[in-house]
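Chains Z and W, in that order, give the protein sequences.
Going left to right, the first sequence walks through residues 1 to 387 as the numbering used here numbers them.
Going left to right, the second sequence walks through residues 388 to 774 as the numbering used here numbers them.
Note sheet for the following structure.
Number of protein chains: 2
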Amino acid sequence: MGGSAIIGAAELPVGEHWMKSLAELAADAVRAALRDAGLDRPDALFVGNMLSGELTAQQHLGALVADHAGLAGIEAVRVEAACASGAAALRIASAMVEAGVLDTAIVVGVEKMTDRSGPDVTAALASAADADFEVDQGLSFVALNALLMRRYMHEYGVSHAAFAPFVTNAHENALGNENAMLRFRVSAEAFGEAKMIADPVNLLDSAPICDGAAAVVVASRQRAEGRRGASRAVGIRACVSATDTVALHDRSDPLRLAAVARSAGRAFETAGIGRDDIDLLEAHDAFSIMTVLSLEASGFAPGGAGTHLGESGVIARGGSLPISTLGGLKARGHPVGATGVYQIVEAVRQLRGEAGPAQVANARLAMAQNIGGSAATVVTTILEAAD
Amino acid sequence: MGGSAIIGAAELPVGEHWMKSLAELAADAVRAALRDAGLDRPDALFVGNMLSGELTAQQHLGALVADHAGLAGIEAVRVEAACASGAAALRIASAMVEAGVLDTAIVVGVEKMTDRSGPDVTAALASAADADFEVDQGLSFVALNALLMRRYMHEYGVSHAAFAPFVTNAHENALGNENAMLRFRVSAEAFGEAKMIADPVNLLDSAPICDGAAAVVVASRQRAEGRRGASRAVGIRACVSATDTVALHDRSDPLRLAAVARSAGRAFETAGIGRDDIDLLEAHDAFSIMTVLSLEASGFAPGGAGTHLGESGVIARGGSLPISTLGGLKARGHPVGATGVYQIVEAVRQLRGEAGPAQVANARLAMAQNIGGSAATVVTTILEAAD
Numbered sequence: 001m002g003g004s005a006i007i008g009a010a011e012l013p014v015g016e017h018w019m020k021s022l023a024e025l026a027a028d029a030v031r032a033a034l035r036d037a038g039l040d041r042p043d044a045l046f047v048g049n050m051l052s053g054e055l056t057a058q059q060h061l062g063a064l065v066a067d068h069a070g071l072a073g074i075e076a077v078r079v080e081a082a083c084a085s086g087a088a089a090l091r092i093a094s095a096m097v098e099a100g101v102l103d104t105a106i107v108v109g110v111e112k113m114t115d116r117s118g119p120d121v122t123a124a125l126a127s128a129a130d131a132d133f134e135v136d137q138g139l140s141f142v143a144l145n146a147l148l149m150r151r152y153m154h155e156y157g158v159s160h161a162a163f164a165p166f167v168t169n170a171h172e173n174a175l176g177n178e179n180a181m182l183r184f185r186v187s188a189e190a191f192g193e194a195k196m197i198a199d200p201v202n203l204l205d206s207a208p209i210c211d212g213a214a215a216v217v218v219a220s221r222q223r224a225e226g227r228r229g230a231s232r233a234v235g236i237r238a239c240v241s242a243t244d245t246v247a248l249h250d251r252s253d254p255l256r257l258a259a260v261a262r263s264a265g266r267a268f269e270t271a272g273i274g275r276d277d278i279d280l281l282e283a284h285d286a287f288s289i290m291t292v293l294s295l296e297a298s299g300f301a302p303g304g305a306g307t308h309l310g311e312s313g314v315i316a317r318g319g320s321l322p323i324s325t326l327g328g329l330k331a332r333g334h335p336v337g338a339t340g341v342y343q344i345v346e347a348v349r350q351l352r353g354e355a356g357p358a359q360v361a362n363a364r365l366a367m368a369q370n371i372g373g374s375a376a377t378v379v380t381t382i383l384e385a386a387d
Numbered sequence: 388m389g390g391s392a393i394i395g396a397a398e399l400p401v402g403e404h405w406m407k408s409l410a411e412l413a414a415d416a417v418r419a420a421l422r423d424a425g426l427d428r429p430d431a432l433f434v435g436n437m438l439s440g441e442l443t444a445q446q447h448l449g450a451l452v453a454d455h456a457g458l459a460g461i462e463a464v465r466v467e468a469a470c471a472s473g474a475a476a477l478r479i480a481s482a483m484v485e486a487g488v489l490d491t492a493i494v495v496g497v498e499k500m501t502d503r504s505g506p507d508v509t510a511a512l513a514s515a516a517d518a519d520f521e522v523d524q525g526l527s528f529v530a531l532n533a534l535l536m537r538r539y540m541h542e543y544g545v546s547h548a549a550f551a552p553f554v555t556n557a558h559e560n561a562l563g564n565e566n567a568m569l570r571f572r573v574s575a576e577a578f579g580e581a582k583m584i585a586d587p588v589n590l591l592d593s594a595p596i597c598d599g600a601a602a603v604v605v606a607s608r609q610r611a612e613g614r615r616g617a618s619r620a621v622g623i624r625a626c627v628s629a630t631d632t633v634a635l636h637d638r639s640d641p642l643r644l645a646a647v648a649r650s651a652g653r654a655f656e657t658a659g660i661g662r663d664d665i666d667l668l669e670a671h672d673a674f675s676i677m678t679v680l681s682l683e684a685s686g687f688a689p690g691g692a693g694t695h696l697g698e699s700g701v702i703a704r705g706g707s708l709p710i711s712t713l714g715g716l717k718a719r720g721h722p723v724g725a726t727g728v729y730q731i732v733e734a735v736r737q738l739r740g741e742a743g744p745a746q747v748a749n750a751r752l753a754m755a756q757n758i759g760g761s762a763a764t765v766v767t768t769i770l771e772a773a774d
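Below, the structure is given as structure tokens:
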């Protein structure tokens with residue numbers, strides 16, 4: 001176990017939470033994670049959120065969520081890195097705990113998207129791209145991913161059907177997760193016939209718009225080991241953040257996600273492990289092309305060969321690298337600023353052996369990768385089960 | 388000198404920057420601060436910003452500013468705590484550097500407000516308050532400060548004219564700051580006759596809407612001392628963040644700013660100094676009532692006696708506690724998410740003896756206090772001149 005550990009974790013069901021405010025959702029997750037940790041009052045609160053200003057006219061979530069969760073007074077702040085906001089908050093919290101600046105911290109990711117219309121949400125999500133040089137030209141995030149997918153299919157001669165296993169796998173895994181939003185099977189045929197959104201990205205290539213909140217409690221290794229029931233703590237072996245240009249057109253090779261390579265490479269180095277040691281991966285499968293590109297840039301497949309991991313069954317629960325084990329962004333849902341924390345909570349569930357029907361057997365090392373924008377911010381976390 | 392230090396600082400003139408984008412403003416400040424520090428590439432970038440999503444449809448400022456400043460690839464993230472975003476970013480950066488997680492970091496505060504209409508900006512600023520329980524009732528930030536000021540005048544029998552010295556002092560000090568927005572004298576009479584905005588808050592009780600960016604480079608003490616020209620480094624003795632309820636109506640005594648008391652108290656404790664040791668204070672004078680309440684809660688005056696510090700001349704440049712020494716939020720300007728970093732840059736200018744005509748004689752210890760919302764987030768920083 002590394003210098004810091006997760007001693008509590010909780011997630012709300014992902015879906016349409018019309019009866020609760022943003023602050024209430026976050027406070028619910030905070031209280032549940034603190035209960036799970038057996039802790040009353042952490043030293044600090046870090047909120048991962050992307051869109052509360054744009055969609056609910058609410059900023060200042062650090063103080064607001066602390067207040068609503070009964071923690072008014074503590075140090076509290078919001079961290080934003082587009083769809084990587086959740087793990088970016090964990091990166092800061094875990095570093096400050098590991099270095100001894102804080103003894104304990106809670107990280108909550110929260111997003112409320114379904115109170116607003118689809119066009120409003122699409123416009124808000126586009127603020128993760130370059131407003132002046134991408135969005136003003138008419139690009140949305142679906143369009144950016146469509147450009148990537150089209151280029152990938154052209155460059156490597158890969159068919160759209162080759163992406164199907166990533167989608168069918170995510171939906172299959174969501175069946176075992178009571179908190180997943182889209183708990184239904186999707187066949188390869190249904191995937192092929194889904195409504196086109198931005199050619200070649202269709203409806204089932206994309207993660208859904210939704211609301212959700214998830215939280216984890218971080219403590220020093222010393223404190224984690226001193227707890228009763230310490231077997232449930234999960235060590236943080238690495239949590240590494242890196243960036244790339246925001247605009248896709250500024251990259252020499254848009255199919256090579258440099259920030260993914262940098263973040264994953266340093267995470268493996270920090271953890272002192274190899275890619276083969278990973279027992280499961282919570283991938284950032286917001287779009288199926290992003291799943292494939294991030295698997296390649298993380299070193300799990302050579303460029304152009306990422307879809308083979310799907311076809312061969314490697315990514316399925318019984319395979320050598322199960323991904324999106326509780327549904328992923330695709331089927332659990334993608335409440336954007338919360339997603340990075342959902343990934344961590346679900347990796348913790350696996351490493352504690354508490355993933356129920358979705359349990360990956362003998363899971364000891366998990367990787368979670370949270371991606372913001374067109375992989376302009378990437379945070380890779382490696383977690384380890386307690387001995 | 389403490390465990391971390393500021394080795395570079397820069398600020399852009401505050402004003403209406405219609406010819407530059409948000410990212411360009413921030414990148415200009417980043418490059419200038421790095422030049423001042425003699426550093427090419429810091430380990431990480433922290434962006435303090437409040438309103439870019441709401442006012443310019445741009446999130447993801449960590450990666451975006453890194454990219455525009457020629458630093459694509461490094462760890463980068465945005466930190467938001469309403470008007471305390473700038474110092475909240477410094478708090479995280481300095482803690483991570485002091486603890487050895489990072490060797491160097493750059494903190495940039497940036498805000499671009501003048502591209503939009505006044506009502507748009509007023510609505511966006513209100514997102515620092517509780518959207519559901521304050522703003523939906525019709526409260527803006529001017530209105531919240533008007534409630535506080537009216538209550539203060541009633542409770543302590545203080546006249547509106549008693550606030551005049553804080554305003555005249557800020558404008559007097561701005562005359563010596565080439566980067567200040569409102570470089571003109573304001574007489575006590577002019578203050579008394581200014582246009583009423585939300586009774587009793589008038590136009591000259593309030594800081595202006597504006598654009599700006601400021602940046603500081605943080606390094607470990609060891610690195611700061613090893614530099615050539617290290618005499619220009621300024622030590623960070625303390626940087627402490629605390630919160631309170633976001634909604635004013637949830638406080639037992641709205642005239643007692645608990646987060647200010649907590650943040651300042653711990654900052655003095657951490658620095659191991661007393662209030663009398665402070666040579667100058669960059670106060671958060673967004674509204675003159677906030678200046679007075681924060682001086683009281685910081686322990687510089689008893690409750691109800693804050694305005695005496697103005698009347699007696701204590702706060703003037705030759706007084707025992709000069710405040711807003713380069714104009715403060717009131718006259719330098721208040722580009723909200725950037726303000727906390729402007730305060731630090733200006734304290735650094737004073738401690739380096741580079742404040743020109745605004746120089747406070749023999750300044751060795753400076754305090755800066757950055758306040759978000761109705762003092763729901765407060766970050767107090769204590770800086771020390773190099774030996």
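Cβ coordinates follow ideal geometry from the N, Cα and C atoms, glycine included.
Helix, strand or coil at residue i according to DSSP, with G and I counted as helix
i: residue 707 of chain W; result: coil
i: residue 310 of chain Z; result: helix
i: residue 55 of chain Z; result: helix
i: residue 2 of chain Z; result: The pLDDT assigned to residue 2 of chain Z is 49, lower than 50, so where the model puts this residue is not dependable; a value taken from the coordinates is nonetheless given after this. Three-state DSSP puts residue 2 of chain Z in coil, outside helix and strand.
i: residue 77 of chain Z; result: strand
i: residue 49 of chain Z; result: coil
i: residue 245 of chain Z; result: coil
i: residue 369 of chain Z; result: strand
Chain-ordered chain Z contacts of residue i [CB-CB under 9 Å]
i: residue 649 of chain W; result: 73
i: residue 437 of chain W; result: 53, 59 and 60
Of the residues the options, the one placed nearest residue i, counting alpha carbons only
i: residue 434 of chain W; options: W:427, W:648 and W:604; result: W:604
i: residue 591 of chain W; options: W:598, W:579 and W:602; result: W:579
i: residue 155 of chain Z; options: Z:293, Z:187 and Z:384; result: Z:293
i: residue 661 of chain W; options: W:686, W:641, W:682 and W:640; result: W:686
i: residue 493 of chain W; options: W:650, W:703, W:564 and W:458; result: W:458
i: residue 594 of chain W; options: W:390, W:771, W:726 and W:410; result: W:726
i: residue 289 of chain Z; options: Z:53, Z:226 and Z:160; result: Z:160
i: residue 527 of chain W; options: W:689, W:749, W:512 and W:535; result: W:512
i: residue 488 of chain W; options: Z:103, Z:97 and Z:104; result: Z:97
i: residue 245 of chain Z; options: Z:18, Z:235, Z:173 and Z:257; result: Z:257
i: residue 446 of chain W; options: Z:197, Z:85 and Z:253; result: Z:85
i: residue 740 of chain W; options: W:762, W:712, W:403 and W:719; result: W:712
Proximal residues of chain W, C-beta to C-beta of residue i below 7 Å
i: residue 269 of chain Z; result: Result: empty, since nearest Cβ-Cβ is about 15 Å, beyond 7 Å.
i: residue 21 of chain Z; result: 519
i: residue 128 of chain Z; result: 446 and 447
i: residue 298 of chain Z; result: Per Cβ cutoff of 7 Å: no residues; residue 298 of chain Z is ~17 Å from chain W at best.
Whether residue i touches residue j by CB criterion (8 Å)
i: residue 213 of chain Z; j: residue 109 of chain Z; result: yes
i: residue 211 of chain Z; j: residue 111 of chain Z; result: yes
i: residue 431 of chain W; j: residue 461 of chain W; result: yes
i: residue 533 of chain W; j: residue 586 of chain W; result: yes
i: residue 65 of chain Z; j: residue 76 of chain Z; result: yes
i: residue 602 of chain W; j: residue 397 of chain W; result: yes
i: residue 340 of chain W; j: residue 399 of chain W; result: No information on residue 340 of chain W is available, as it lies outside the stretch 388 to 774 that chain W covers here.
i: residue 765 of chain W; j: residue 666 of chain W; result: no
i: residue 276 of chain Z; j: residue 329 of chain Z; result: no
Interface residues of chain Z facing residue i [CB-CB closer than 8 Å]
i: residue 522 of chain W; result: 57
i: residue 479 of chain W; result: 77, 92 and 96
Neighbour list for residue i in chain W, Cβ cutoff strictly below 9 Å
i: residue 278 of chain Z; result: Those do not exist, as residue 278 of chain Z stays about 22 Å from chain W at its closest Cβ, beyond 9 Å.
Exercise for review: Just list the beta strand (DSSP E) runs in the stretch 192-241 of chain Z, keeping only unbroken ones of 3 residues or longer that don't cross its boundaries, in chain order.
Suggested key: Inside the stretch 192-241 of chain Z, DSSP marks whole beta strand (DSSP E) runs of 3 or more residues at positions 196-198 and 212-220, from first to last along the chain.
**Asked** For the stretch 103-129 of chain Z, which segments carrying the beta strand (DSSP E) assignment without a break, of at least 3 residues, lie completely within its bounds, in sequence order?
**Response** 104-111
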